[in-house]
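These notes concern the structure reproduced below.
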Amino acid sequence: MPLKTKEDYLNFFLKYFFQGLMIIGPFGLTIFVIWYIVSSIDSSIPFLSENLYPGITFLLVIAATVLIGFLGSKFVFGRLIFDRVDSFLEKTPGIKHIYTPTKDVMSSFVGDKKKFNNPVWVKTNENPEIWRIGFLTQKEMGEVEKHNYVAVYLPHSYAISGWVIITEEKNIKPVVGMSASAAMKFAVSGGVAGFHSDDNVFKAPE
């Protein structure tokens with residue numbers, strides 16, 4: 001369609017300007033975050049990055065993390081040492097209030113004890129009927145006198161936060177046809193991401 005008026009040119013300019021932002025924005029933000037993390041770690045030991053190679057401190061930290069993870073999971077001696085350190089930190093006054101919650105949160109997302117691997121539909125309102133997607137984190141609440149109740153984590157959209165609700169078992173249903181990672185992506189994206197990890201149910205208008 002040929003452009004005829006100033007308004008047509010302005011609309012043409014704005015349309016593709018915002019399209020460009022949509023393309024550049026995620027790339028730019030990703031690069032900025034990576035650069036910020038690398039530069040922050042490098043600045044912790046400036047001697048190495050200034051005298052050897054920029055980013056060397058970051059690479060050493062990554063390599064050390066991989067090595068610790070390998071030794072802590074594959075070797076009995078390494079596992080024994082890390083278990084002793086873990087037990088010491090969990091019993092140390094003051095430190096345990098920082099260490100234990102941090103460990104619990106991180107183990108919920110990664111490792112062999114991931115908690116957010118059981119997606120469920122949760123009825124949060126009866127009339128009108130409203131369902132939300134969440135993750136079953138506790139199947140039994142009897143220890144706190146909440147029999148036949150469960151704990152469900154509900155992630156916030158476009159955020160790394162969320163909240164926990166305690167609801168009756170009858171109010172949840174297992175998610176069928178969607179993996180845990182796809183369910184998390186669906187919830188965090190505000191429903192924009194499709195029911196499978198590579199799907200997208202939203203299409204920008206032409």
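If you count the sequence shown from 1, position 120 lands on 120 in the UniProt record's numbering, and the numbers rise without skipping.
Backbone N, C-alpha and C fix where the C-beta goes; we use that ideal spot for every residue, glycine too.
Legend entry - Val-192, buried or exposed, once every other Cβ within 10 Å from all chains shown has been counted against 16: exposed
Inset, instruction - Could you give the DSSP three-state label for Glu-168: helix, strand or coil? - result: Here Glu-168 sits in strand by DSSP.
Inset, instruction - Under the assumption that Gly-116 contacts Tyr-153 (Cβ atoms under 8 Å), give the Cβ distance between them as a whole number of angstroms. - result: In the sequence on display, residue 116 carries Phe and not Gly. Yes, they are in contact, since the Cβ atoms of Phe-116 and Tyr-153 sit about 7 Å apart, within 8 Å.
Legend entry - Separation of Leu-67 from Glu-90, as counted between CA atoms: One C-alpha to the other measures close to 23 Å.
Inset, instruction - Go ahead and pull the three-state DSSP assignment for Tyr-16. - result: helix
Inset, instruction - Report the partner residues of Ala-187 according to the DSSP bridge assignment. - result: Per DSSP, none; premise fails for Ala-187.
Inset, instruction - Can you give me the start and stop residues for the beta strand (DSSP E) that Gly-134 sits inside? - result: 130-138
Inset, instruction - Below 7 Å CB to CB, which residues in the same chain sit around Ile-166 once its five sequence neighbours on both sides are set aside? - result: Around Ile-166: Met-141, Lys-146, Tyr-149, Ala-151.
Inset, instruction - Write down every uninterrupted run of the alpha helix (DSSP H) in the segment 28-90 whose length is 4 residues or greater and which is fully enclosed by it, in chain order. - result: 46-51, 56-74
Legend entry - Heavy atom of the ligand COA within 6 Å of Val-120 beta-carbon: Absence of the ligand COA is noted for the structure shown, with no ligands found whatsoever.
Legend entry - Chain-order list of residues whose beta-carbon lies under 7 Å from that of Asn-171 (same chain, five-residue window excluded): Val-122, Lys-123
Legend entry - Cβ-Cβ distance between Leu-136 and Asn-125 below 7 Å: no
Inset, instruction - Kindly list the residues whose CB is nearer than 6 Å to the CB of Val-38, restricted to its own chain and excluding five residues on each side of it in sequence; keep chain order. - result: Once the five neighbours on either side are set aside, the close Cβ partners of Val-38 are Gly-55, Phe-58.
Legend entry - Pair within 7 Å by beta-carbon distance, Ala-183 and Val-176: Against a cut-off of 7 Å, the Cβ pair of Val-176 and Ala-183 comes out as no contact.
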